[in-house]
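Enquirer:
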Amino acid sequence: MAAPRSNREFIEACVKSGDAVRIKQEVDWENEAGAIVRRACELAAPAPFMEKIKDYPGFSYFGAPLSTYRRMAISMGMDPASSLPEIGKEYVKRTNGEPVAPVLVDRKDAPCKENILKGADVDLCKLPVPLVHEGDGGRYVGTWHAVVTKHPVRGDVNWGMYRQMMFDSRTMSGAVFPFSDLGKALTDYYLPRGETCPFATAIGLSPLAAMAACAPSPIPEPELTGMLAGEPVRLVKCETNDLEVPADAEIILEGEICPDYKVEEGPFGEYTGYRTSPRDFRVTFRVNCITYRNNATMTISNMGVPQDEGQLLRSFSLGLELEKLLKSQGIPVTGVYMHPRSTHHMMIVGVKPTYSGVAQQIGQLAFGSKLGPWFHMVMVVDDKTDIYNWDEVYHAFCTRCHPANGIHIYRNSPGTPLYPFATPHERKYSIGSKVVFDCLWPVDWDPVNDVPTVVSFKNVYPKEVQEKVMNNWTAYGYPPVK
Amino acid sequence: MNQWEVYVNDVKELAEDAEIELTIRTLNPGIHKFTYKRVRAQLSSDLKKHADQLQVRLGRGQLSPSRFSIKVLGEIQRMPAKYL
Ligand SMILES: Cc1cc2nc3c(=O)[nH]c(=O)nc-3n(C[C@H](O)[C@H](O)[C@H](O)COP(=O)(O)O)c2cc1C
Chain Z
1 MAAPRSNREF
11 IEACVKSGDA
21 VRIKQEVDWE
31 NEAGAIVRRA
41 CELAAPAPFM
51 EKIKDYPGFS
61 YFGAPLSTYR
71 RMAISMGMDP
81 ASSLPEIGKE
91 YVKRTNGEPV
101 APVLVDRKDA
111 PCKENILKGA
121 DVDLCKLPVP
131 LVHEGDGGRY
141 VGTWHAVVTK
151 HPVRGDVNWG
161 MYRQMMFDSR
171 TMSGAVFPFS
181 DLGKALTDYY
191 LPRGETCPFA
201 TAIGLSPLAA
211 MAACAPSPIP
221 EPELTGMLAG
231 EPVRLVKCET
241 NDLEVPADAE
251 IILEGEICPD
261 YKVEEGPFGE
271 YTGYRTSPRD
281 FRVTFRVNCI
291 TYRNNATMTI
301 SNMGVPQDEG
311 QLLRSFSLGL
321 ELEKLLKSQG
331 IPVTGVYMHP
341 RSTHHMMIVG
351 VKPTYSGVAQ
361 QIGQLAFGSK
371 LGPWFHMVMV
381 VDDKTDIYNW
391 DEVYHAFCTR
401 CHPANGIHIY
411 RNSPGTPLYP
421 FATPHERKYS
431 IGSKVVFDCL
441 WPVDWDPVND
451 VPTVVSFKNV
461 YPKEVQEKVM
471 NNWTAYGYPP
481 VK
Chain H
1 MNQWEVYVND
11 VKELAEDAEI
21 ELTIRTLNPG
31 IHKFTYKRVR
41 AQLSSDLKKH
51 ADQLQVRLGR
61 GQLSPSRFSI
71 KVLGEIQRMP
81 AKYL
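Respectively, the protein sequence lines represent chains Z and H.
Per the UniProt record's numbering, the first sequence starts with residue 1, numbered consecutively.
Per the UniProt record's numbering, the second sequence starts with residue 1, numbered consecutively.
#1: Just to make sure I have the definition right: I need the residues of chain H whose C-beta is within less than 8 Å of the C-beta of Glu264(Z). Which are they?
#2: Compare the Cα-Cα distances from Glu12(Z) to each of Gln364(Z), Arg170(Z), Ser206(Z) and report the closest residue.
#3: Within its chain, find whatever has a CB closer than 8 Å to the CB of Ser180(Z); leave out the 5 residues flanking it on each side and keep chain order.
#4: I'd like to know if Pro420(Z) contacts chain H, where contact means its C-beta is closer than 8 Å to some C-beta of that chain.
#5: When DSSP builds the beta bridges, which residues end up paired with Val351(Z)?
#6: Name the residues in the stretch 158-175 of chain Z whose C-beta lies less than 8 Å from a C-beta of chain H; which are they?
#7: Answer yes or no: does any C-beta atom of chain H fall closer than 8 Å to that of Glu30(Z)?
#8: In three-state DSSP terms, what is Cys125(Z)?
#9: Output yes if chain Z places a C-beta closer than 8 Å to the C-beta of Pro80(H); else output no.
#10: Hey, is Gly74(H)'s beta-carbon within less than 8 Å of any beta-carbon in chain Z?
#11: In its own chain, which residues sit with a C-beta less than 7 Å from the C-beta of Val11(H), not counting the 5 before and 5 after it?
#12: With a threshold of 8 Å between beta-carbons, can Gly310(Z) be considered close to chain H, or not?
#13: So which of Glu16(H), Tyr7(H), Ala15(H), Gly30(H) has the shortest CA-CA distance to Ile24(H)?
#14: Cβ atoms of Leu186(Z) and Val176(Z): under 8 Å apart, would you say?
#15: Return the bridge partner residues of His145(Z) from the DSSP annotation.
#16: Specify the secondary structure class of Ala175(Z) as computed by DSSP and reduced to three states.
#17: Please give me, in chain order, every unbroken run of the alpha helix (DSSP H) with length at least 4 that falls completely inside the stretch 7-90 of chain Z.
#18: Is the closest heavy atom of ligand 1 to the C-beta of Ser180(Z) under 7 Å?
#19: Report the rounded CA-to-CA distance for Cys197(Z) versus Val157(Z), giving the unit in angstroms.
#20: When you compare the CB positions of Ile431(Z) and Asn412(Z), do they come within less than 8 Å of one another, or not?
#21: Find out if the Cβ-Cβ distance for the pair Gly138(Z), Asn302(Z) is shorter than 8 Å.
#22: Report buried or exposed for Asn7(Z), applying the criterion of at least 16 other Cβ atoms within 10 angstroms of its Cβ.
#23: Check the Cβ of Gly138(Z) against every Cβ in chain H and list those closer than 9 Å, keeping chain order.
#24: Would Leu131(Z) pass as an interface residue toward chain H - the criterion being a Cβ-Cβ separation below 8 Å?
#25: Within 10 angstroms of the Cβ of Ser67(Z), are there 16 or more other Cβ atoms? Answer buried if so, exposed if not.
#26: How long is the line joining the alpha carbons of Gly59(H) and Tyr274(Z), rounded to whole angstroms?
#27: From the beta carbon of Gly135(Z), is the nearest beta carbon of chain H less than 8 Å away?
#28: Comparing alpha-carbon positions, which option in Pro152(Z), Trp144(Z), Pro340(Z), Ile252(Z) lies nearest Cys112(Z)?
#29: So, does the CB of Gln53(H) fall closer than 8 Å to a CB anywhere in chain Z?
#30: Below 6 Å CB to CB, which residues in the same chain sit around Ala44(Z) once its five sequence neighbours on both sides are set aside?
#31: Is there a Cβ from chain H that is less than 8 Å from the Cβ of Asp121(Z)?
#32: Any contact of the stretch 353-366 of chain Z with the stretch 249-264 of chain Z, i.e. 3+ C-beta pairs under 8 Å?
#33: Between the C-alpha atoms of Met72(Z) and Pro4(Z), what's the straight-line distance to the nearest angstrom?
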């Protein structure tokens, strides 16, 4: 099965496999669509494809695009029943290959140019921008999208998923954190010079382009999308600036980021499961042109309590990118997993504990990397603990992590305004703190006399006894074990 | 009559019977619902004093029980002229 090349192909594949439902009745853009997406996330239900939107004939919504591992497998062109480790292995394999350069197509071959609004016709309210959660500071245009920019000096292209709120018909305000690629380009270059930064927002991307836009990978996103898809992504020139955007996207907004014009943004429901970050003056985007496909579909991610793509996909890519980083440094890791229910706050790292201090070394690398601001807990367990099995990890944590020697705290590290536990001051200035939970037996303990023995069925009984008991299990009178 | 909404951290920020600056959004039905303006306005807790009505949300989106009538005196353009 080939990876879907567009949001449309993805919806079709999901409907076919039972991973999306077509909703034919009219849905209100104010709260109702958001509530459907939220409930679908909380129930891990099929993604809603809402075909009729109040006030917006001809437009549709696709919600919760990647909030299940089944849909993530479909997006990669894999069997929907693939397990998480299988999807992870495939992601690592594809993203370790050669970058796949995008191709530029002619305007006439770019569906995103089917309708073009310029000048006085530009009005974001002509698009079905949803009020995702009751009480949000605004209608959010960008919840599952890519903000396309080009570095002014190096010229490298960045696609980042940074939320964008509609402030008025031509203005959006967005949360671009200072440690992100765009945040750094703004603070290093555009803000000090007072120059505007051209941008384009692409909505309704192929699922792999969206995955690339929120992956913390050092590979430029157009190339990363190509690597994930196994073929080049099709790009087309913008109408009003020299950026290039995915030709098959549903909606494109073109404009400029204004360094000297600030409007309020937020509050908004966030991936932590709370509305945490304060309403604030963030980054202002001025829209000069809108292009869109006929019968355009707007994508909606509704972040809140687990689980949505904010948790599922980010946990997935943060974990795998950390695994690549640790391996590149020669750390004897056996796996890295972030449970989506941790709202991507806890990295669980399996390691062969062959030398002292390896847990702290892992924590320092993880927190010191580009990935670091997004999580604050690293739990290090040995290679015999199944990192995907929370019962085993939790048991290791509660029994092996020494309360005085095994918990290492780092203060004043990079954070985000989104951390629910952070003080108001810490949120305002993105100040974080971090903790490593070292759940390894110390290497200076005698492995025979000091290290406790795990008392479990699989660890203490001889193989033949285990097999005998398993083979006789139903004969003893138990129902079969699935 | 127009319906408006404002976000504040504390309702005390909403001084009555004085000219104040506010960022308000329209709650009038239609496709422009929830778009914002920066305005000069006068408020009153007497809901009959001005024709337009204002409801209030707090820092994390909670709806406040406080209600005001509002008179919008004029729009403030915060955007530098070069972007107009
Ligand atoms: C649904 C969703 C919404 C996100 N919203 C934001 C956001 O508002 N601001 C932000 O800085 N990152 C946000 N992120 C995370 C970024 O997309 C992610 O850090 C990405 O790697 C940004 O790229 P960069 O760090 O290379 O710039 C979001 C991720 C997802 C999945």
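Virtual Cβ for every residue (Gly too), placed ideally from N, Cα, C.
Source: prediction; values computed, not measured.
Expert: In terms of the structure at hand:
#1: Tyr7, Thr23, Tyr36
#2: Ser206(Z)
#3: Gly160, Tyr162
#4: no
#5: Val333(Z), Asp382(Z)
#6: Met166, Phe167, Asp168, Ser169, Thr171
#7: yes
#8: helix
#9: yes
#10: no
#11: Val56, Ser64, Ser66
#12: no
#13: Tyr7(H)
#14: yes
#15: Ile203(Z)
#16: coil
#17: 7-17, 32-42, 69-75
#18: yes
#19: 13 Å
#20: yes
#21: no
#22: buried
#23: Arg25, Phe34, Thr35, Tyr36
#24: yes
#25: buried
#26: 13 Å
#27: yes
#28: Ile252(Z)
#29: no
#30: Thr68
#31: no
#32: no
#33: 11 Å
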